[in-house]
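In my numbering, the protein residues as written are -16 to 99.
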């Protein structure tokens, strides 16, 4: 198994993806599975739905049921707490990516901002 298949390892990024998309428009599970697959994450319904439920239980998402093509579908939107978590997550990811991809950061002899 490759590290990219390790859902647990990338769960924080997956949660940020969910928060981002749910902040843009209501999302449902199958749509999120497809969207995450587009970004290289292979999640089953058995993995994603418990994650959505835990995010709702934690107050980050709110769901509503809507009738679509003759059956009910559960749609998720971010809550104020979810939008706050997304904003904080974006700031942390931006800072991390800045360090990871900073031209002078690699091989500069610096460890955690200090000269080695």
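All C-beta atoms, glycine included, are put in the ideal place defined by N, C-alpha and C.
Count the other CB atoms, across all protein chains shown, that sit within 10 Å of the CB of residue i; report buried if there are 16 or more and exposed otherwise.
i, result
"residue 5", "buried"
"residue -2", "buried"
"residue 2", "buried"
"residue 68", "buried"
"residue 35", "buried"
"residue 31", "buried"
Helix, strand or coil for residue i? Go by DSSP, reduced to three states.
i, result
"residue -10", "coil"
"residue 59", "strand"
"residue 50", "strand"
"residue -1", "helix"
"residue 27", "coil"
"residue 85", "coil"
Just the C-alpha distance for residue i and residue j, rounded to the nearest angstrom, thanks.
i, j, result
"residue -7", "residue 74", "17 Å"
"residue 60", "residue -4", "17 Å"
"residue 70", "residue 33", "23 Å"
"residue -9", "residue 52", "34 Å"
"residue 16", "residue 85", "32 Å"
Using a threshold of 7 Å, state whether the C-beta atoms of residue i and residue j are closer than that.
i, j, result
"residue 9", "residue 55", "no"
"residue 46", "residue 39", "yes"
"residue 19", "residue 26", "yes"
"residue 62", "residue 42", "yes"
"residue 65", "residue 44", "yes"
Pull up the DSSP beta-bridge partners for residue i, would you.
i, result
"residue 44", "61"
"residue 10", "59"
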